[in-house]
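Data first, discussion second: the structure below is written as structure tokens.
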Amino acid sequence: MSETPSGSTLPRVLSGIQPTGDSFHLGNYLGAVRQWVAMQETHDAFYCVVDLHAITVEHDPRALRRRSRVAAAQCLAMGLDQDVSTLFVQSHVPEHAELAWVLGCLTGFGEAGRMTQFKDKSTKYGSSATTVGLFTYPVLMAADILLYTPGHGGALEVPVGEDQRQHLELTRTLAQRFNHRFGETFAVPEAFIPKDAAKITDLQEPTAKMSKSSSSPQGIVEVLEEPGPLRKKFMRAVTDTGSDVRYDETEKPGISNLVRIYASLEGISYDEVERKYAGSGYGTFKKDLAALVADTFTPIRERTHRLLADEEQLDRLLAVGAERAGAVAARTMEVVRDRVGFVARGR
Ligand code: AQP
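Just so you know, the working numbering puts the end of the sequence shown at 710, numbered straight through with nothing missing.
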């Protein structure tokens, strides 16, 4: 149990999303933000637009600023409520970078080098574009998490996809190492895969994850996309031989992805989807699925645009989140600085 600036005693949860695209995609919605919205009712929730992580690869400053606001606006449009949870921008709380430095000094070079996501990304970008920031990305993620560990025996839950499990393991190791060297400070965070979180794959390459930065325009379904192009993408989605709507990840990865999306949006089982479309063929199923996605995203898109139309108000809302998150982070860092042996600043 934790005590927050608002006095909440609910278990705490922390999660983040990168402002790396002009829109979130269907995977971000079904695999992350929709669960965030549900968890704000049951948890003392902290959600973060991780702009520091977004500069680990080359970026355009104007795009980053725009995308950070777009990311925050989409979170709010999807149902995050700043009165119930805490939504903030990572760079507004400088303690994230400060704790990352301290934790970096506890992380072995070899240990960081074993992170598979780093190996994949550095192979993809090539050695000249592989920065030290990309290498230490998991250490920053550890700092993001550990700053919000409730100090007095409370739990911190971190929803993670399979691809982030190794980073969470490193976070747990660093928490234990810090506690061992400097005294009990961090509760060791727990990973969990949120109920109903679906992994969504690329519409053109159904065995690859749908991704802001690596999917092709035809493979990704964007939340802010207009219904027309969105429908076309579903109609052109790669499907498999045969014509029956059946969930089979090995034999039918394309149609299985579409069944997963349908089931997830409707809150029904794969069997129910199969029964509903028995004998219908792919065309009817794809048309209905496109309409279902468009109906889900249209109000979100409209709310996002309304929020973005008043930038000052949006920034004020984010300042409220930064204030609340900053209060927790400042308390944690005060303890960390003392434990590590930094001289307290005179007053
Ligand atoms: N395809 C997906 N299916 C289900 N969940 C997904 N998530 C991402 N893609 C899918 C979840 O969305 C959250 C935020 O992800 P992120 O923006 O921090 O980075 P990511 O996981 O690396 O997502 P992208 O789209 O691939 O971004 P880029 O291209 O910038 O790396 C996470 O909870 C993630 O699990």
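Note that beta-carbon positions come from the ideal geometry of N, C-alpha and C, so glycine has one too. Here the structure is a predicted model, which is why all the values come from computation and not from measurement.
- Here residue 421 has 492 as same chain residues with Cβ atoms under 7 Å from its own Cβ, once five neighbours each way along the sequence are excluded.
- Residues lining the ligand AQP by the Cβ criterion, that is a Cβ closer than 5 Å to any of its heavy atoms, are 380, 381, 383, 390, 391, 394, 395, 524, 562, 563, 572, 573, 574, 575, 576 in chain order.
- The C-alpha of residue 709 lies about 19 Å from the C-alpha of residue 461.
- Here DSSP, grouped into helix, strand and coil, assigns residue 706 to coil.
- Residue 490 and residue 442 have their C-alpha atoms some 40 Å from each other.
- Under the DSSP assignment, residue 508 falls in the alpha helix (DSSP H) whose first and last residues are 500–509.
- Counting along the chain, no alpha helix (DSSP H) covers residue 556, and no H or E run does either.
- In the three-state DSSP reduction, residue 691 falls in the helix class (H, G or I).
- For residue 407, the uninterrupted beta strand (DSSP E) run begins and ends at 407–412, by DSSP.
- The beta strand (DSSP E) runs of length 3 or more contained entirely in the stretch 517–571 are, from start to end of the chain, 519–522, 553–555.
- Going by DSSP, residue 618 is part of the alpha helix (DSSP H) stretching over 616–629.
- Looking at the backbone, the Cα of residue 526 and that of residue 643 are separated by about 35 Å.
- Segment contact: the stretch 529–543 against the stretch 578–592, fewer than three CB-CB distances shorter than 8 Å; contact not assigned.
- Using a C-beta cut-off of 8 Å, the stretch 420–440 makes no contact with the stretch 499–519, since fewer than three inter-stretch Cβ pairs fall below that distance.
- Around the CB of residue 598, fewer than 16 other CB atoms lie within 10 Å, so the residue is classed as exposed.
- DSSP lists 411 as the bridge partner or partners of residue 379.
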